[in-house]
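Note that our numbering has the sequence shown beginning at 2, numbered continuously upward.
All residues carry an ideal CB built from backbone N, CA and C; glycine is no exception.
Computed from a predicted structure; not experimentally measured.
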Amino acid sequence: MNYKKIALILAVLFVSTMVQAKVEKKKVKDFKHGGDFRYRYQLEDKDKDSNPQRVRNRIRFRYGGSATLDKKTSVHAGIATGAATPKSGNQTLQDSSSSKAVYLDYAYANMSTGYGNWMMGKLKNPLYAVSDMMWDTDIRPEGIAFKYKNKKAGYGLVAGYFILDEISGSDYDPNMFAVQAGKRLNLNKNTMVKVVGSVYSFDNTAGRALSYSAMTNTGTVDTINGTNAYAYNPHIVSFGSIVVFKNLKTINNISLSGEYNTNTAVDDENISALVGIGVGSSKINKKGKWKVKGNYRHIQKDGLVDILTDADTFGGATNVKGIELILQYGICHNVVLGLDYISMKELTTDQQENILQTDISIKF
């Protein structure tokens, strides 16, 4: 019997009962909604293969909202284009103008206890990420999370139990526990530092095949269906930091970032790291605002878990290294032109993949 799972569920049921007792007779007080649309022209090419350069025109549409009952309870939900894969909301324009699928992107309840917030459902990621190296930004973790933030002291805590799969006929479903602590320091009115430490502990993944894996981590054979599976239960220890120099005269902001991860479940090829720099406006929401960003990442075979990693990095694979360069420019209010160049190379074969994405994004 999984006592950790039972204890967590009982805790959430207790919190939800306490909150429900106070809001039972109340109606929705506030409803907010909004979304975005993106058109993308994408070129991609792999060296050392026989396939020609691939060109895709793609769209992404997202729309969501939140209903607030009172200061303690709200419900959030959103839809998005895409496929069943958790790492992309893109729909490629093809198949003789066929209709495009829309999926449930997220749906969760948020309940405040006075000591923090409980979230349950298909969540917008509650964990802070310095970059998209470990967490693809489209992933919506499924499960339960608790989040506490002390704005005055500048620190926060997050704990989550996330369900990875449900195995029929077994009590041992693949899951992940995550714990994160972060601190924000304002060194002066123009300099801010964020530091964050996280632990991600996977359970019941050894010998299991998980959907949408890039199959680049150390593998074995699934004990149930004979397919490729994870050979171990990953245990990732992660550290990240970002330094922002604000309100500079000519370029507005400069940010420096770094991330280092170790998978302590294995002894070799278990490191991933990233360094990055950004220059320009913190938010691109008006005409003339701009931002330039770049990063270099190095991901060993078991340095991260390949069901989570950024899908544009060699298809979400590990065992890669390379650069990403991003330019964003505000054309007008909430309309942004973006260029994203990604060049990644496999560590063991030197096969290289280059991707160029040209985007027009509109928020509403």
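Bounding residues of the beta strand (DSSP E) (the contiguous stretch that carries residue i)
i, result
"Gly281", "272 to 281"
"Asn253", "253 to 264"
"Arg298", "291 to 300"
"Gly157", "156 to 164"
"Ala230", "229 to 231"
"Phe365", "Looking at the DSSP string, Phe365 is not in any beta strand (DSSP E), and its letter there is neither H nor E."
"Met121", "118 to 123"
"His236", "236 to 249"
"Asn151", "143 to 151"
Buried/exposed call for residue i, threshold 16 Cβ in 10 Å
i, result
"Phe315", "buried"
"Ala22", "Only weak support exists for where Ala22 lies, its pLDDT of 49 falling under 50; the value from the coordinates is given anyway. Answer is exposed; the Cβ neighbour count stays below 16."
"Met345", "buried"
"Thr228", "exposed"
"Val56", "exposed"
"Phe203", "buried"
"Tyr201", "buried"
"Asp313", "buried"
"Glu167", "exposed"
"Lys28", "exposed"
"Glu354", "buried"
"Asp269", "exposed"
"Gly170", "exposed"
"Asn271", "buried"
"His77", "buried"
"Asn296", "buried"
"Ala413", "As displayed, the chain neither begins before 2 nor continues past 365, which places residue 413 out of reach and without an answer."
"Gln95", "exposed"
"Asp106", "buried"
"Lys88", "buried"
"Pro142", "buried"
"Gly157", "buried"
"Leu211", "buried"
Minimum C-alpha distance to residue i - residue among the options
i, options, result
"Ala274", "Thr114, Ile327, His299", "His299"
"Tyr162", "Val196, Ile80, Pro127", "Pro127"
"Asn205", "Ala102, Asp223, Lys190", "Asp223"
"Ala318", "Val245, Thr217, Lys292", "Thr217"
"Ala146", "Lys152, Tyr156, Val131, Met120", "Met120"
"Ala182", "Tyr149, Ser214, Thr192", "Tyr149"
"Thr219", "Arg63, Val306, Leu328", "Val306"
"Phe240", "Ile356, Gly281, Val197", "Val197"
"Leu338", "Leu326, Trp291, Met135", "Trp291"
"Gly323", "Ser256, Gly65, Leu348, Asp48", "Leu348"
"Asp366", "Lys250, Ile243, Ala215, Lys287", "For residue 366 there is no data in the structure shown, the boundaries of the chain being 2 and 365."
"Phe365", "Leu328, Gly65, Tyr109, Gln301", "Gly65"
"Ser113", "Gly144, Ser98, Leu70, Ala85", "Leu70"
"Arg59", "Asp50, Arg41, Glu45, Lys73", "Arg41"
"Ile285", "Val336, Ile278, Ala230, Gln54", "Val336"
"Tyr231", "Thr221, Ser98, Val238", "Thr221"
"Ser67", "Leu211, Val276, Lys33, Ile361", "Lys33"
"Asp375", "Ile243, Lys73, Asp360, Leu309", "As shown, the chain starts at 2 and ends at 365. That puts residue 375 outside it, with no answer to give."
"Phe62", "Lys47, Gly79, Asn189", "Gly79"
"Ser199", "Met135, Ile255, Gln54", "Met135"
"Glu45", "Lys250, Thr350, Ile237, Asp341", "Asp341"
"Cys333", "Lys30, Val293, Gly289, Thr265", "Gly289"
"Glu325", "Lys294, Arg185, Ile361", "Lys294"
"Tyr116", "Pro142, Asn151, Ile140", "Asn151"
"Asn189", "Asn234, Lys247, Tyr156", "Lys247"
"Ile278", "Ser258, Asn91, Val321", "Ser258"
"Ser362", "Thr350, Leu328, Ile343, Arg185", "Leu328"
"Ile356", "Val321, Ala130, Phe38, Gln43", "Gln43"
"Val131", "Asn91, Arg185, Pro175", "Arg185"
Bridge partner(s) assigned by DSSP for residue i
i, result
"Val76", "Ala68, Ala110"
"Leu105", "Ile80"
"Arg185", "Lys195"
"Tyr342", "Leu326, Leu357"
"Met177", "Phe163, Phe203"
"Thr219", "The partner list for Thr219 (beta bridge, DSSP) is empty, contrary to what the question assumes."
"Val336", "Cys333, Ile363"
"Val321", "Ile300, Glu347"
"Gln95", "Looking at the DSSP assignment, Gln95 forms no beta bridge with any residue, so it has no partner."
heavy atom of the ligand GDP below 6 angstroms from residue i C-beta
i, result
"Thr114", "This structure simply doesn't include the ligand GDP, nor any ligand for that matter."
Q | In chain order, each beta strand (DSSP E) run of at least 3 residues that lies wholly inside the segment 19 to 66 | A | Under the rule that a run must span 3 or more residues, the beta strand (DSSP E) segments found entirely inside the segment 19 to 66 read 31 to 47.
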